[in-house]
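Shown next, in structure tokens, is the structure this report addresses.
Number of protein chains: 2
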Amino acid sequence: MPASKSRAPRVESGPVTLQHVADTAGVSRATASRVLNGSSRIVGSELAERVMRAARDLRYVSNAPAQALARSRTTVVGMIVHSVDDPYFAAIAAGAMRVAAEHDLLTMLANTFRDPEREIDYVARLRAHRALGLVLAGSGFTDPEQNARLAEQLSDFAATGGRVALVRHQSLPFDTVLPENRRGGAQAAELLLALGHRRIGILSGPNGLSTVEHRLAGFRDALHAAGVEVPDDAIVSADFTRDGGYVAMLELEARHPDRTAVFALNDPTAIGAIAALREEIGKSVPQDVSVIGFDDVPSAQDVTPALTTVRLPLEEMGERAMRLLLEPSDRGPRTIRIKADLVVRQSTTSVT
Amino acid sequence: MPASKSRAPRVESGPVTLQHVADTAGVSRATASRVLNGSSRIVGSELAERVMRAARDLRYVSNAPAQALARSRTTVVGMIVHSVDDPYFAAIAAGAMRVAAEHDLLTMLANTFRDPEREIDYVARLRAHRALGLVLAGSGFTDPEQNARLAEQLSDFAATGGRVALVRHQSLPFDTVLPENRRGGAQAAELLLALGHRRIGILSGPNGLSTVEHRLAGFRDALHAAGVEVPDDAIVSADFTRDGGYVAMLELEARHPDRTAVFALNDPTAIGAIAALREEIGKSVPQDVSVIGFDDVPSAQDVTPALTTVRLPLEEMGERAMRLLLEPSDRGPRTIRIKADLVVRQSTTSVT
DNA sequence: ACGCTGTGGGAACGCGCTTTCCAGCAGCTA
DNA sequence: TAGCTGCTGGAAAGCGCGTTCCCACAGCGT
Chain A
1 MPASKSRAPR VESGPVTLQH VADTAGVSRA TASRVLNGSS RIVGSELAER VMRAARDLRY
61 VSNAPAQALA RSRTTVVGMI VHSVDDPYFA AIAAGAMRVA AEHDLLTMLA NTFRDPEREI
121 DYVARLRAHR ALGLVLAGSG FTDPEQNARL AEQLSDFAAT GGRVALVRHQ SLPFDTVLPE
181 NRRGGAQAAE LLLALGHRRI GILSGPNGLS TVEHRLAGFR DALHAAGVEV PDDAIVSADF
241 TRDGGYVAML ELEARHPDRT AVFALNDPTA IGAIAALREE IGKSVPQDVS VIGFDDVPSA
301 QDVTPALTTV RLPLEEMGER AMRLLLEPSD RGPRTIRIKA DLVVRQSTTS VT
Chain B
353 MPASKSRAPR VESGPVTLQH VADTAGVSRA TASRVLNGSS RIVGSELAER VMRAARDLRY
413 VSNAPAQALA RSRTTVVGMI VHSVDDPYFA AIAAGAMRVA AEHDLLTMLA NTFRDPEREI
473 DYVARLRAHR ALGLVLAGSG FTDPEQNARL AEQLSDFAAT GGRVALVRHQ SLPFDTVLPE
533 NRRGGAQAAE LLLALGHRRI GILSGPNGLS TVEHRLAGFR DALHAAGVEV PDDAIVSADF
593 TRDGGYVAML ELEARHPDRT AVFALNDPTA IGAIAALREE IGKSVPQDVS VIGFDDVPSA
653 QDVTPALTTV RLPLEEMGER AMRLLLEPSD RGPRTIRIKA DLVVRQSTTS VT
């Protein structure tokens, strides 16, 4: 027996529906809906008051899925990152979510753990949820086949009316916040060169990430332009974590104990490297070897020696991406370039 | 003109619906639904194949809101934290989200920025979204009026069929992961006492947070039991961030330059304090003053001196909370106590 | 050979809400 | 006073999907 129409004071249990508040306010569902959701239509103040009181008394909250179905749009945005448990993404996510909250939007956060399959799958699921839009943060992958499938999913998402914003270096036809990774890599190289370093090692990131490629290319190109080369086996690939940097540094030291400087492709890796240098290798930073990182995560300033790094305004990047998403333009995809800034601290010094 | 029934190859745009795939597969919606959702009813393999192919070809994804409406349940869980941009919550969230992902659930993450109003509001919104459950992490507030309203909202949420799990020290009738903050505070005190410290300062957290109260009470009680008191003005309240710790340390030093040890109620505060000590106050840690933190966030081991702290297994806490949520019990609320572990590193030493 | 059981497919209803569309009414002008 | 216009409230038709209920049909037993 449906509960509708009965103006009874609602004894049956289950979620309170709009019908219930309409009944107890003595109005139609349509009217109740209008007052509760800021429709364009105006409702007489007396009725409106009754409805609001009924809603409050019954602790009514609208059924968001039903609302989404009827309106065929939601108030949810998606956000896809590699892992929140990484200060880089935590900062980007925080920026984006703050803007979303300002617009009264709820955020669905998904971690891909750097699995491109998962990334594609999450786009599909966000599409299923009819998310208003999604911001995809984190490095792209270099595998063209994966990229094609991702692009396809994103297009499907967009075709369903979803908005898309990217925080990554990748040419897809969507609004993009583009960190200047290549230029940043070059800046790191220029600093090391200026300090007189020539025998340089690199702690790279996971293979197949475009961020890694760009930072690396920028760094090596700048070195090359100065006539300095980094031998291939002086590039050790780490997994972009602190512990990964630790292990990779050990490996690098084993292969090339003569390096006077090390470029780590992100800060956690650099921090791990410094720890390895101090705890196991027994070299001091920066006297024996200079270390430079990338990103400037919050803890970079508190390690000892304080980490010289290439700063990216992470929170701002997340914020800008979300703004792009929420203020769509009809003039095609926009790109916001984010400049990298060299932050010189104590982990680098000139070669003696 | 609704697109239904037409077995035409679908030219009109808009999202692909179940009807579309049914049409192009030449079956009824019911049949299509059955194969796509693993219903109890079995469909002939040939038809099933046709349906699956059609779905794939049309890039169909189900309309989650519609599905939620029809089934009156969703595959979404909510997670409320103070701020993802805080390694404490990032770790908890990561643990929880990993478990959620294993169960094929999407996570809605909300930041309260320590605003109790926001917290209450998010519970309501999660209820509106008919989230399967929600885990509420982060310290409770001590204001009884706020707490009552929160409890009420949570009850409403539960009444709608939502499951609730808490990661906080607070007695609400829901499954709870309870970090032993009081005991942890005592452990910190015991260490400092054993090292011979008697003139101790405290960098506390924001007022009105139950976590703060418990850590503080545990610490002071243990001190008191040993006949040691901390004067009230040697307790400076910081905001639980690195910069907050920095400023608070300056204040503490101005008031009581004679302290031989400082207890910071969380790690970022301790890290900020160490920075202030080194950069502005000019005292060295641990020779001039010992510093101990709380939580053991990832960067605690990489600051110099490495931070002595009271460790909480953050990721595990998030994980356990989500498991409680996903494996409900009918025997009333459960509580999982999480032991705090003292991790002695280099930021503490015995008083000379 | 007939009736019965079991299996697959189709039609219709309902989930809770938004949104036309329509009726009624008050205020106004001619 | 008659005829309009301008509003407000209500009725009803979907939004896309899940899920009965029911029918058609094939296989089986006696």
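For the protein sequence lines, the chains are A and B, in the order given. Numbering (the numbering used here) for the first sequence: 1 to 352. Numbering (the numbering used here) for the second sequence: 353 to 704. Even glycine gets a Cβ: it sits at the ideal position worked out from N, Cα and C. None of these values were measured; they are calculated from a predicted model.
Q) Which partner residues does A:Ala137 have in the DSSP bridge list? A) The residue you call residue 137 of chain A lines up with position 137 of the first sequence. Answer by DSSP bridge pairing, in chain order: A:Val167.
Q.
Please report whether the beta-carbon of A:Pro9 lies at a distance below 8 angstroms from any beta-carbon of chain B.
A. By 1-based counting over the first sequence, the position of residue 9 of chain A is 9. Bear in mind that a pLDDT of 46 at A:Pro9, under 50, signals an unreliable position, so the number given afterwards is only what the model happens to contain. So no, A:Pro9 is outside the interface.
Q.
Per DSSP, what are the beta-bridge partners of B:Ala462 in this structure?
A. Residue mapping note: residue 462 of chain B aligns to position 110 of the second sequence, counting from 1. For B:Ala462, which the question treats as bridged, DSSP gives the partners B:Ile432.
**Q.** Candidates A:Val77, A:Ala94 and A:Val76: closest to A:Val84 by CA position
**A.** Taking the first residue of the first sequence as position 1, residue 84 of chain A is located at position 84. Minimum Cα distance to A:Val84 is reached at A:Ala94.
Q: Report back the beta-carbon spacing between B:Ala489 and B:Val433 to the nearest angstrom; my notes put them in contact at under 8 angstroms.
A: Here residue 489 of chain B refers to the residue found at position 137 of the second sequence. Here residue 433 of chain B refers to the residue found at position 81 of the second sequence. Going by Cβ atoms, the distance from B:Ala489 to B:Val433 rounds to 5 angstroms, so yes, they are a contact pair.
Q | Contained alpha helix (DSSP H) runs [length at least 4] in the segment 264-346 of chain A, N- to C-terminal order | A | 267-276 and 314-326
Q. What three-state label does DSSP hand B:Pro558 in the structure shown?
A. To locate residue 558 of chain B, count along the second sequence from 1; it is residue 206. Reduced to three states, the DSSP call for B:Pro558 is coil.
Q. Can you name the residues that DSSP bridges to B:Ala613?
A. Locating residue 613 of chain B in the second sequence gives position 261, where the first residue counts as 1. Answer is B:Ile552 and B:Ser642, bridged to B:Ala613.
**Q.** For A:Thr176, the three-state DSSP class (helix, strand or coil)
**A.** The count along the first sequence starts at 1 and reaches residue 176 of chain A at position 176. A:Thr176: strand per DSSP, three-state reduction.
Q: Under 7 angstroms between beta-carbons, which chain B residues line up against A:Ile271? List them in chain order, please.
A: Walking along the first sequence from the start, residue 271 of chain A turns up at place 271. Simply Asp654.
(Q) Tell me the residue span of the beta strand (DSSP E) that contains B:Ile587. (A) Within the second sequence, the letter at position 235 stands for residue 587 of chain B. Start and end: Ile587 to Ser589.
(Q) Distance cutoff 8 angstroms, beta carbons only. Does B:Ala355 sit that close to anything in chain A? (A) The residue you call residue 355 of chain B lines up with position 3 of the second sequence. Confidence at B:Ala355 is low in this model, with a pLDDT of 36, below 50, so its placement is unreliable and no value can be given for it.
Q | Residues near B:Arg466 in its chain [Cβ-Cβ closer than 6 angstroms; skip 5 each side] | A | Counting from one through the second sequence, the residue named residue 466 of chain B turns up at place 114. Taken in chain order, the residues that qualify are His434.
Q. A:Ala354 to A:Leu191, Cα distance in whole Å?
A. Absent from the model: residue 354 of chain A. The displayed extent of chain A is 1 to 352, so no value can be given.
Q: Grab me the residues of B:Glu671's own chain with a C-beta within less than 8 angstroms of its C-beta, minus the 5 sequence neighbours each way, in chain order.
A: The sequence position of residue 671 of chain B within the second sequence is 319, counting from 1. Gly447, Ala448, Arg450 and Val451, listed in sequence order.
Q) Given A:Leu223, which residues of its chain have a CB within under 6 angstroms of its CB, disregarding the five upstream and five downstream residues? A) Translated into the one-based positions of the first sequence, residue 223 of chain A becomes position 223. Answer for A:Leu223: Ala189, listed in chain order.
Q: Spell out whether any CB of chain B is found under 8 angstroms from the CB atom of A:Ser290.
A: Translated into the one-based positions of the first sequence, residue 290 of chain A becomes position 290. False, the Cβ-Cβ gap to chain B never drops below 8 angstroms.
Q) Checking contacts by CB at 8 angstroms: is B:Val696 closer than that to chain A? A) In the second sequence, counting from the first residue as 1, residue 696 of chain B sits at position 344. For B:Val696, the answer is no, since every Cβ of chain A falls outside 8 angstroms of its Cβ.
Q) Does the beta-carbon distance from B:Val641 to B:Ala613 come in below 8 angstroms? A) Taking the first residue of the second sequence as position 1, residue 641 of chain B is located at position 289. Taking the first residue of the second sequence as position 1, residue 613 of chain B is located at position 261. Cβ distance < 8 angstroms, so B:Val641 and B:Ala613 count as in contact.
Q) Do you know offhand how far B:Val588's Cα is from B:Glu581's? A) By 1-based counting over the second sequence, the position of residue 588 of chain B is 236. By 1-based counting over the second sequence, the position of residue 581 of chain B is 229. Whole-angstrom Cα-Cα distance: 15 angstroms.
(Q) Measuring alpha carbon to alpha carbon, tell me which residue in A:Glu152, A:Val76, A:Val167 and A:Ala90 is nearest A:Leu126. (A) Along the first sequence, one-based indexing puts residue 126 of chain A at 126. Ranking A:Glu152, A:Val76, A:Val167 and A:Ala90 by Cα distance to A:Leu126 puts A:Val76 first.
Q | DSSP-derived helix/strand/coil call for A:Ala188 | A | By 1-based counting over the first sequence, the position of residue 188 of chain A is 188. DSSP places A:Ala188 within a helical segment (H, G or I) once states are collapsed to three.
(Q) As a quick exercise: from A:Pro333, A:Leu166 and A:Pro116, pick the residue whose alpha carbon is nearest that of A:Thr142. (A) In the first sequence, counting from the first residue as 1, residue 142 of chain A sits at position 142. Checking every option, the nearest Cα to that of A:Thr142 belongs to A:Pro116.
Q) Going by other Cβ atoms of all chains shown within 10 Å of its Cβ, with 16 needed for buried, is B:Asn618 buried or exposed? A) Translated into positions along the second sequence, residue 618 of chain B becomes position 266. It counts as buried.
Q: Output yes if chain A places a C-beta closer than 8 angstroms to the C-beta of B:Pro638; else output no.
A: Counting from 1 along the second sequence, the entry for residue 638 of chain B is found at position 286. Judged by the 8 angstroms Cβ criterion, B:Pro638 is not in contact with chain A.
Q.
Taking only three categories from DSSP, how would you classify A:Asn181?
A. The sequence position of residue 181 of chain A within the first sequence is 181, counting from 1. Correct three-state label for A:Asn181: helix.
Q) B:Arg501 lies in the alpha helix (DSSP H); which residues open and close that run? A) Locating residue 501 of chain B in the second sequence gives position 149, counting from the first residue. That run of the alpha helix (DSSP H) goes Pro496 to Ala511.
Q: Note down, in chain order, every chain B residue with its Cβ under 7 angstroms from the Cβ of A:Ser83.
A: In the first sequence, residue 83 of chain A corresponds to position 83, counting from 1. Neighbours of A:Ser83 on chain B, chain order: Ala446.
(Q) According to DSSP, simplified to helix, strand and coil, what is A:Asp121? (A) Indexing the first sequence from 1 puts residue 121 of chain A at position 121. Residue state, collapsed to three classes: helix.
Q: Just the chain A side, please: which residues come within less than 9 angstroms of B:Thr512 by C-beta, in chain order?
A: In the second sequence, counting from the first residue as 1, residue 512 of chain B sits at position 160. Taking a Cβ-Cβ threshold of 9 angstroms, the residues of chain A close to B:Thr512 are Gly14, Pro15, Val16 and Val61, in chain order.
Q. Using a beta-carbon distance below 8 angstroms, is B:Gln371 in contact with chain A?
A. For the purposes of this step, residue 371 of chain B is taken as the residue at position 19 of the second sequence. Output row for B:Gln371: interface = no.
Q: Taking all protein chains shown into account, decide if A:Asp258 is buried (16 or more other Cβ within 10 angstroms of its Cβ) or exposed.
A: Position 258 of the first sequence, counted from the first residue, corresponds to residue 258 of chain A. The residue in question, A:Asp258, is exposed, as its Cβ has fewer than 16 Cβ neighbours within 10 Å.
Q) Whose C-beta lies closer than 6 angstroms to the C-beta of A:Arg10 among residues of the same chain, with five residues either side of it excluded? A) As a working note, residue 10 of chain A is residue 10 in the first sequence. Only weak support exists for where A:Arg10 lies, its pLDDT of 45 falling under 50; the value from the coordinates is given anyway. Around A:Arg10: His20.
Q: Under 7 angstroms Cβ to Cβ from A:Leu195, same chain only, skipping five residues before and after it: list those, please.
A: The residue given as residue 195 of chain A occupies position 195 in the first sequence. So the list reads Ser290, Thr348, Thr349, Ser350 and Val351, once near-sequence residues are dropped.
(Q) Closest to A:Ser135 by C-alpha separation, out of A:Pro179, A:Ala321, A:Ala124 and A:Thr269, would be which residue? (A) Here residue 135 of chain A refers to the residue found at position 135 of the first sequence. Rather than Ser, the amino acid found at residue 135 of chain A in this sequence is Val. Measuring C-alpha to C-alpha distances from A:Val135 to each of A:Pro179, A:Ala321, A:Ala124 and A:Thr269 identifies A:Ala321 as the nearest.
Q: Report the three-state DSSP secondary structure of B:Pro468 (helix, strand or coil).
A: The residue you call residue 468 of chain B lines up with position 116 of the second sequence. Look at B:Pro468 here: in three-state DSSP terms it is helix.
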